[in-house]
Amino acid sequence: AQRVTQPEKLLSVFKGAPVELKCNYSYSGSPELFWYVQYSRQRLQLLLRHISRESIKGFTADLNKGETSFHLKKPFAQEEDSAMYYCALLNTGGFKTIFGAGTRLFVKA
Amino acid sequence: DAGVTQSPTHLIKTRGQQVTLRCSPKSGHDTVSWYQQALGQEPQFIFQYYEEEERQRGNFPDRFSGHQFPNYSSELNVNALLLGDSALYLCASSSVNTGANVLTFGAGSRLTVL
Numbered sequence: 003a004q005r006v007t008q009p010e011k012l013l014s015v016f017k018g019a020p021v022e023l024k025c026n027y028s029y030s031g032s033p034e035l036f037w038y039v040q041y042s043r044q045r046l047q048l049l050l051r052h053i054s055r056e057s058i059k060g061f062t063a064d065l066n067k068g069e070t071s072f073h074l075k076k077p078f079a080q081e082e083d084s085a086m087y088y089c090a091l092l093n094t095g096g097f098k099t100i101f102g103a104g105t106r107l108f109v110k111a
Numbered sequence: 111d112a113g114v115t116q117s118p119t120h121l122i123k124t125r126g127q128q129v130t131l132r133c134s135p136k137s138g139h140d141t142v143s144w145y146q147q148a149l150g151q152e153p154q155f156i157f158q159y160y161e162e163e164e165r166q167r168g169n170f171p172d173r174f175s176g177h178q179f180p181n182y183s184s185e186l187n188v189n190a191l192l193l194g195d196s197a198l199y200l201c202a203s204s205s206v207n208t209g210a211n212v213l214t215f216g217a218g219s220r221l222t223v224l
């Protein structure tokens with residue numbers, strides 16, 4: 003079954019510290035993966051997608067097919083990064099996006 | 111551009127009733143997907159519409175149905191409401207021309223079933 007696993011429900015770090023939000027997936031073939039973010043009182047929105055290989059707001063995510071992972075990283079966390087982060091996988095056929103359970107990131111001053 | 115707009119924002123229904131939720135996609139988008147997000151849970155895919163046809167369906171009963179209009183707007187209908195249908199219903203639009211896989215979400219319609 004195609005699945006996304008985010009093992010941490012809550013991650014708390016201090017401002018300026020590195021942050022890594024973990025994401026593992028189950029998929030046969032070449033997956034298309036995303037990170038979506040929801041800031042307080044805002045809509046769910048795309049943060050980045052692996053095929054773009056971009057850095058958005060200082061975040062990067064590298065696809066590791068050997069470990070079936072797509073961890074989200076930022077070297078220096080900011081308070082405004084506090085939000086709910088969802089890792090997501092596009093299913094075979096390309097019409098259904100499967101979301102992980104999400105990780106709430108809390109960046110402390 | 112207002113982005114994806116959904117209505118109503120909030121609504122309260124009783125068990126057994128029927129509800130219709132509406133969505134207008136972002137300008138330039140032609141594909142609409144619906145998700146159910148229960149409190150504290152991740153969004154769950156209900157179905158996707160493109161060219162007025164249901165293209166894929168998630169694991170939801172037939173009580174959940176939808177429609178897409180020629181102007182790309184969409185409706186989600188839920189019949190015979192159950193208490194467990196209480197959730198935030200999210201509409202997301204995308205475009206086959208600019209990456210059908212990237213979703214732009216609306217603010218959602220919060221349904222409470224009593």
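Protein sequences appear in the order of chains A and B.
Sequential numbering from 3 applies to the first sequence in our numbering.
Sequential numbering from 111 applies to the second sequence in our numbering.
Ideal Cβ placement from N, Cα and C applies to all residues, glycine included.
query: Rounded to whole angstroms, how far is the Cβ of residue 38(A) from the Cβ of residue 49(A), which I believe are closer than 8 Å?
result: Numbered from 1 along the first sequence, position 36 holds the residue referred to as residue 38(A). Numbered from 1 along the first sequence, position 47 holds the residue referred to as residue 49(A). Residue 38(A) to residue 49(A), Cβ: 6 Å. Contact.
- prompt: So, does the CB of residue 188(B) fall closer than 9 Å to a CB anywhere in chain A?
  reply: Taking the second sequence and counting its residues from 1, the one referred to as residue 188(B) is at position 78. For residue 188(B), the answer is no, since every Cβ of chain A falls outside 9 Å of its Cβ.
query: Is there at least one Cβ from chain B nearer than 9 Å to residue 56(A)'s Cβ?
result: The count along the first sequence starts at 1 and reaches residue 56(A) at position 54. Not an interface residue.
- request: Closer than 7 Å by C-beta to residue 173(B): which residues in its own chain qualify, once you throw out the five before and the five after it? Chain order, please.
  value: The count along the second sequence starts at 1 and reaches residue 173(B) at position 63. Counting only Cβ-Cβ distances below 7 Å, and skipping sequence neighbours, we find 188, 189, 190.
message: Using a Cβ-Cβ cutoff of less than 6 Å, which residues in the same chain neighbour residue 132(B) once the five nearest sequence positions on both sides are dropped?
response: As a first step, residue 132(B) must be located in the second sequence, where it is residue number 22. The answer, listed in chain order, is 117, 185.
- prompt: Using a Cβ-Cβ cut-off of 6 Å (strictly less than) and excluding sequence neighbours within five positions of residue 128(B), which residues of its own chain qualify?
  reply: As a first step, residue 128(B) must be located in the second sequence, where it is residue number 18. So the list reads 189, once near-sequence residues are dropped.
message: I'd like to check one pair, residue 218(B) with residue 151(B): are the Cβ atoms closer than 9 Å?
response: Looking up residue 151(B) in the second sequence gives position 41. Looking up residue 218(B) in the second sequence gives position 108. No.
- prompt: With residue 32(A) and residue 70(A) assumed to form a contact (beta carbons below 8 Å), what rounded beta-carbon distance in angstroms separates them?
  reply: Along the first sequence, one-based indexing puts residue 32(A) at 30. Along the first sequence, one-based indexing puts residue 70(A) at 68. That belief does not hold up - the Cβ atoms of residue 32(A) and residue 70(A) are roughly 12 Å apart, past 8 Å.
query: Just to confirm, are residue 192(B) and residue 122(B) a CB contact at a threshold of 9 Å?
result: For the purposes of this step, residue 192(B) is identified with residue 82 of the second sequence, where counting begins at 1. For the purposes of this step, residue 122(B) is identified with residue 12 of the second sequence, where counting begins at 1. No, these two residues do not count as a Cβ contact at 9 Å.
message: Give me the DSSP bridge partner(s) of residue 75(A).
response: Your numbering for residue 75(A) matches position 73 in the first sequence. Answer is 22(A), 62(A).
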